[in-house]
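Going letter by letter, the sequence shown gives residues -26 to -1, 1 to 379 in mature numbering (1 follows the signal peptide of the UniProt record, and there is no 0).
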Amino acid sequence: MGKQLLNRLPMWCLVVLARVLTKYYGEDWLARRPELVVAHNSFRRLVDGIRMRRSGFSPYEGDMLHCAPMLLNIMEPLVDHPNIVFTVFMVFDLMIGELLRSTGSVYTKINEGMEKSKSDRICGIIAKLYLFNPLVIASCAICSLSVFYNLLIALFLFSFIKGWLVGSAVLCGLLVELTLYPVVFIFALFIRFASTKSKTLVCLLALFSIGAFTLLDTLCARGIHYIYSTHLFLLSVPDLTPNVGIFWYFFTEVFSHFRLFFLWVFQLNVFIYLFPLTFTLRSNPFLLLHQLLILISVFASYPTMTDSAIYLSLTPIFVSLHKYARWTLVIAVTWATCVVLSPVMWQMWVVTGSGNANFYFAVTLCYSMAQIFLMTDLLYSDLRKKAALARGNVADDGAALFVFK
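Put into structure tokens, the structure is as follows:
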């Protein structure tokens, strides 16, 4: 174990160096990027909220703060020490990388039946994909709260793959209280812990956790008024500042008397696909959870590109599905194009005025399509794998052989 940690030390040094250089040279520019910063993950808003509370004002008055009250209490002792805050966020990133590595190790050994040397190589790729992701580096440099949310998701994924029922249910409840949309994870938990007793326990623990964390937030905020700026803010989508989601553009165009109807339609998209996905992937609960992460990233009301970092990093663990994938190159090129073009289109629209909102929305739409393509490609690959096992066999070289009567 000590030798493994020593071998990872050069990589960790590079990880820290990349974040320090990014913060030093690009923090101000990155903190204004709509691809990275939205209302509920902005660290600057959190700092302003803490200062308002110190001055005797409620931070949830007006339209400034939209994160959970418990985060104010967690970050308040550190907020006057920006270097310590940045160090904490770098440690969070390193923890996420190691948690994803461990999650991949457990999955590849149990579900893929992979030998240790190959499993270690895949897990190393997973950690590097996360830690050296430019979007993750940028989010850490600006101390985006998405880093904290990703840490909780990584902890949840590790508890899930290890089969820790209590930890998974409690973390699910915490994620629901913080960002609301992870409520869909309960479906994956029901598949992972399939017995009636386990399902009942998961449901009770998740509900108890949501209630406990809601009570904690109520005590931190000294009232329930914060709900209008957190949960209801995510559901009603009052802030139409452009981001990489699909809500803002549509609701700037729709007539006000149709707004409530289409709001329901858009929000229900996260839940419409739950039942067919759960039924189709009932034999692989971790792949189902991976699909739900993509679903949230596409249909959340205020997403960022950092939301994709966890599931993108974990994609290599589905080794047995890779040979059935069809759109790997298309997805990768589309993703890279969107990351490069989004600031260009923003510059043309907002700064120089040589473009319009359609320029930027076209990029965000392509970004959503890339995520949907990844989701459908993994689903298609899983179905093809099942068909190959049911109707034929899989050769040693990885080619699926079908046998027909």
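Heads up, the beta-carbon is just placed ideally off N, CA and C, and yes, glycines get one too. Since this is a predicted model, take the numbers as computed values, not measurements.
Of the residues Gln321, Phe335, Ala344 and Tyr298, the one whose Cα lies closest to the Cα of Ala361 is Tyr298. Here Gly327 carries a coil assignment [DSSP, helix/strand/coil]. If you draw a straight line from the Cα of Ala310 to the Cα of Ser91, it comes to about 30 Å.
Of the residues Glu72, Leu68 and Cys97, the one whose Cα lies closest to the Cα of Tyr81 is Cys97. Straight through space, the alpha carbons of Gly23 and Gly30 are spaced by roughly 11 Å. DSSP, read as helix, strand or coil, puts Gly219 in coil. For the 8 Å CB-CB criterion, Ala(-9) and Ile70 do not form a contact. The residue among Ile268, Phe235, Phe240 and Phe66 with its C-alpha nearest the C-alpha of Leu251 is Ile268. With 16 or more neighbouring CB atoms inside 10 Å of its own CB, Gln345 falls in the buried class.
Boundaries of the alpha helix (DSSP H) harbouring Glu72: Pro56 to Ile84, taken from the DSSP string. Within the same chain, Ile220 and Val272 come within 7 Å of Ser342 by CB-CB distance, once the 5 residues on both sides are set aside. Three or more beta-carbon pairs separated by less than 8 Å are not found between the segment 167 to 174 and the segment 216 to 233, which leaves the two stretches without contact. Non-local C-beta neighbours of Thr192 in its own chain, meaning closer than 7 Å and more than five positions away in sequence, comprise Ile198, ordered along the chain. Ser113 places its beta carbon less than 8 Å from that of Leu10. By the beta-carbon neighbour count (other beta carbons within 10 angstroms, threshold 16), Gly327 is exposed.
Sixteen is the threshold: when 16 or more other Cβ atoms of the shown chains lie within 10 Å of the Cβ of Phe17, as they do, the residue is buried. Within the segment 245 to 272, the complete alpha helix (DSSP H) runs of at least 4 residues fall at 248 to 254. A distance below 6 Å between beta-carbons, with the five flanking residues on each side excluded, links Leu190 to the following residues of its chain, in chain order: Met44. Taking all protein chains shown into account, Asn332 has fewer than 16 neighbouring C-beta atoms within 10 Å of its C-beta and is therefore exposed.
For Ala112, the three-state secondary structure derived from DSSP is helix. In the three-state reduction of the DSSP assignment, Phe182 falls in the helix class. If you ignore the 5 residues before and after Tyr285, its C-beta comes within less than 6 Å of the C-beta of His264, Leu267 and Ile268, all in its own chain and listed in chain order.
The Cβ atoms of Tyr155 and Ala274 sit closer than 8 Å to each other. For Val318, the uninterrupted alpha helix (DSSP H) segment begins and ends at Thr302 to Trp320.
Using a Cβ distance threshold of 8 Å, Val12 and Leu105 do not count as a contacting pair. Distance between Gly36 and Met26, taken at the CA atoms: about 12 Å. In this structure, Leu214 is the residue among Leu214, Gly87 and Met322 with its C-alpha nearest to the C-alpha of Leu237. Here DSSP, grouped into helix, strand and coil, assigns Met88 to coil. When the alpha-carbon of Leu303 is set against those of Glu89, Val337 and Leu348, the nearest one is in Leu348. In terms of Cβ geometry, Leu262 and Ile127 do not form a close pair [threshold 8 Å]. Scanning Pro51, Gly366, Lys136 and Gly87 for the CA closest to the CA of Thr77 turns up Lys136. By the CB criterion at 8 Å, Ala162 and Gly(-1) fall outside the cutoff. Residues of the same chain with a CB within less than 7 Å of the CB of Lys359, apart from the 5 flanking positions on each side, are Ser294, Leu295 and Tyr298 in chain order.
Restricting attention to His55, Lys102, Phe159 and Arg6, the CA atom closest to the CA of Pro290 is found in Lys102. In the structure shown, the three-state DSSP call for Thr204 is coil. With contacts defined by Cβ atoms closer than 8 Å, Val62 and Val21 do not form a contacting pair.
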